[in-house]
Amino acid sequence: MSPRMWRSEGERAAVWPGRGWPLGATWSPESTNFAVHAPRATAAWLCLLDDEGGETRHRLTEQTLGIWHGAIPGIAPGTRYGYRVEGPWDPAAGLRFNPNKLLLDPFARAVSGSLTVDPAIFGYTLGDPEVMSLADSAPYVPVGVVVDEAFDWGDDRPMRRRWRDTVIYELHVKGMTALHDRVPEALRGTYAGLATPAVVDYLKDLGVTAVELLPVHQFVPEPALAQRGLTNYWGYNTLGYFAPHNAYAASGDRGQQVTEFKAMVKAFHEAGLEVILDVVYNHTAEAGSLGPTLSFRGFDDSVYYRVAAGDVPGEPAPDTYWDVTGCGNTVDAANPFALRMILDSLRYWVTEMHVDGFRFDLMSALARVDRRVDMGSHLLTAIGQDPVLRHVKLIAEPWDASMDGYRVGEFPPPWVEWNDQYRDEIRDFWRNHSPGIRQVATRLAGSSDLYADDGRSPYNSINFITAHDGFTLRDLVSYEQKHNEANGEANRDGTDNNRSWNHGVEGETDDPALQAVRRRQAANMMATLCLSNGVPMITAGDERGRTQRGNNNAYCQDNETSWIDWRPDDAWLDVYEVTKMALRLRREHPALRQRHWFEGRPAILGGPKDLAWLHPSGREMRPDDWHDPDLRTIGMFVSGAPLRSPGPRGEQQVDKSFMLWFNATWLPQSIELPENDWVQHGTVVLSTDVKLPVGTEVEAGDRLALGRRTVVVFRES
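Residue numbers (my numbering): -12 to 704.
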């Protein structure tokens, strides 16, 4: 231990015994209690930092059940702090204690500062991982902040909107407003910027009901990325699971970010918008065994990370992590304390920060028992039993970076899932690569093949066509190849399985005819997404033609490549209008967002089928039609008289009936509206076909020419 870390008896006496709970820094006017888990450490110091770069170290003498704790009187909110921990240095055994490294409290409620890449941030000597580094990391690492949690929530309460009434808008805190001319310049790219009327009113007008924020837990860039002059823009590199990312706060990083985040949530709730967080509990920013020592690793490596199996059965391999996240480490959610940290973090964001749900990045990595994905795993079971967490929105990304981690359709209630099969098959349909219509119809109706067999509902499918990773919608219809050169990885990063179509020209074009085709295709996909059974998720900016110039992995592009351009000059506002209309139809008509599965038979005796699939000739689809590889046009009749779902008081619900036509062929398609006993007249209420505009009246038996690559929706009139 460095001699300069010793302090006098008088200074040590300033530490009261405190208590071992709650973990983190708990402020009160009298004193602040500090508690940190480091069961195999031999000594721990609380380090208080002043604005002049000074550091006062207080040795913690109390340890309870592996938790070092103490209380310091007279600490003001906004005080910065960290820890230094002493113990064995034995990397082969997973022991990497190094008191020369200032550690961030894993339970810190706020974080101040940023990470500077320097040899001092590594626990070992660069070039020799077995030798402990003696360099002091304090000048280069972010630190914790003591926070006063008080906030006036007023009458803010959880909305708990039903899944079938939910429309998700996936956005990036900074990217949403960094270029927004109607957001005050000082607030752009911040939580406060999101809370402005310019953003809130836009989202309400569009018709979404929930924002899903890309990671807002405190994160840092990977050292290798920072050395290339880039950063982790998306934020999937978490360092603090209880702290809102400080760079997104307009008001400061000494606890102000906590208040600003709460004010943002309150503003969204007042507008009727729920807040869902994209959370990354599957790995941390410390990466593999050669990564930096910033927090978890310095307190107890074995608590947080899974180790790989060694040559000797039952024994860990020396200095090796088991990685199914592709990020160097995998958090061990089966470890009791790591599990506690995750659950405490989730509850904190629900109870203290008032968020409405979570989307779990690479959830399969967290659902493992003895390295095998297990739907009865510790974390899934604990969340399902938790009286707070089981009632919030829980979304699984049902895969990880391994082959055996792909588990779409398998997560138990109350979980819903990102459905990448919907994404792939709808993309293929609109680019004429679908092997027929059968699977497309299944996706339109809610993916019963994935979710009906175990009693779940269509809303267990989060339907999406694009997400933050991959092409934007505009790029999906403008590029066939990725163009990621700016990422500095020689265009090797990002998927090659884009299922995109440039319509004959790679990239942007001035050809008005080609532009029109692309915009129509984008509108087709947005309409399909919004009117499919299940929960639609829209990627921010897709509804107005946001482009990343062909970059399908813009995780490191904190610039105009990723930010939304709000200027009307190049915006696809026609796509916006189609999206808005589709969401309005969905919102106003329960027939288009049903809870129960369609059964293809009448809901009441003598009534129409609840769902009928129509051939362009006007008849119902026959068994052999479903196997016709050349069929690219289909009609979907959805009956609203009555619905299978009862109303809130058990009453029978009646809605308008709809007929939706999807034509993915490159030629106009003649369709016949079937003669029937239930719907005789209809009106076009949504159309991407200029020859069948909204307001067109039709009757049963009419023969119509459906334009090439179009969606037309008729509503009973």
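We treat Cβ as the ideally placed atom computed from N, Cα and C, and that holds for glycine.
Could you compute how far the alpha carbon of Ala211 sits from the alpha carbon of Val128? 16 Å
Out of Gln50, Asp545, Gly5, which has the shortest C-alpha to C-alpha gap to Val60? For clarity, residue 60 is Pro in the given sequence; the question names Val instead. With distances taken between Cα atoms, Pro60 lies closest to Gly5.
Here's the rule: buried if 16 or more other CB atoms are within 10 angstroms of the residue's CB, otherwise exposed. What is Lys249? buried
For Gly423 and Val671, what's the separation of their Cα atoms in angstroms? 26 Å
With DSSP as the reference, identify every bridge partner of Tyr68, one or two as the case may be. Leu35, Gly131
Buried or exposed: Pro419, going by 16 or more other Cβ atoms within 10 Å of its Cβ? Reading off the sequence, residue 419 comes out as Asn, not Pro. Burial call: exposed.
Could you name each continuous beta strand (DSSP E) segment of 3 residues or more that falls completely within the region 600 to 626, going from the start of the chain to the end? 620 to 625
Starting from the Cα of His583, find the closest Cα among Val2, Leu618, Leu10, Arg151 and give me that residue. Arg151
Terminal residues of the continuous beta strand (DSSP E) containing Arg44? 42 to 47
Please classify Lys678 as buried or exposed, where buried requires at least 16 neighbouring CB atoms within 10 angstroms. exposed
For the region 389 to 423, which segments carrying the alpha helix (DSSP H) assignment without a break, of at least 4 residues, lie completely within its bounds, in sequence order? 407 to 417
With distances taken between CB atoms, is the gap from Phe649 to Thr620 smaller than 8 Å? yes
DSSP puts Val698 in a beta bridge; with which residues? Phe649
Limits of the alpha helix (DSSP H) - the one that Met163 falls within: 160 to 164
Measure the CB-CB distance between His614 and Met608 and report whether it falls below 8 Å. no
Of the choices Leu618, Glu476, Leu90, whose alpha-carbon is the least far from that of Ser657? Leu618
I need the boundaries of the alpha helix (DSSP H) containing Gly344, first residue and last residue. Gly344 -> not in any alpha helix (DSSP H); beta strand (DSSP E) instead, spanning 344 to 347.
Alpha-carbon to alpha-carbon, Tyr308 and Ser276: 7 Å
For His45 and Pro86, the rounded distance between their alpha carbons: 13 Å
Bridge partners - Leu82, DSSP secondary structure assignment: Asp77
Quick one: residues in its chain with C-beta nearer than 6 Å to the C-beta of Val133, no 5 flanking neighbours on either side, listed in chain order? Ala12, Trp14, Thr19, Ile62, Pro64, Thr66
Straight-line CA distance for Asn489 to Arg505? 8 Å
Within this structure, are the beta carbons of Asn269 and Ala352 separated by less than 8 Å? yes
Residues sharing a beta bridge with Lys469, DSSP: Paired residue(s): none; Lys469 is not in a bridge.
Give the list of continuous beta strand (DSSP E) stretches no shorter than 3 residues that lie fully inside the region 489 to 577. 522 to 526
Distance, Glu575 Cα to Glu638 Cα: 18 Å
Just tell me which of Leu89, Met251, Leu82, Phe229 has its CA closest to the CA of Asp143. Met251
Alpha carbons only, please: which of Gln205, Val154, Pro208, Leu217 is nearest the one belonging to Lys191? Val154
Which residue's Cα is closest to the Cα of Gly457: Leu437, Ser435, Asp411? Asp411
Within the continuous alpha helix (DSSP H) that includes Ile370, where are the two ends? 365 to 372
Counting only the same chain and skipping the five closest in sequence on each side, list residues whose C-beta sits under 6 Å from that of Tyr3. With the sequence shown as reference, residue 3 is identified as Trp, and Tyr is not the correct amino acid for it. Correct list, in chain order: Ala58.
Bounding residues of the alpha helix (DSSP H) (the contiguous stretch that carries Glu384): Glu384 -> no alpha helix (DSSP H), and no H or E assigned at all.
Which residue or residues does DSSP assign as beta-bridge partners of Trp3? Ala58
Top-ranked residue by Cα proximity to Ala8, from Thr112, Ile54, Asp37, Glu39: The sequence as given places Trp at residue 8; Ala does not occur at that position. Of the candidates Thr112, Ile54, Asp37, Glu39, the one whose C-alpha sits nearest the C-alpha of Trp8 is Ile54.
Considering Cα atoms alone, identify which of Thr496, Pro499, Leu463 is closest to Thr482. Leu463
Residue nearest to Pro116 in terms of C-alpha spacing, selected from Thr280, Val294, Arg96: Thr280
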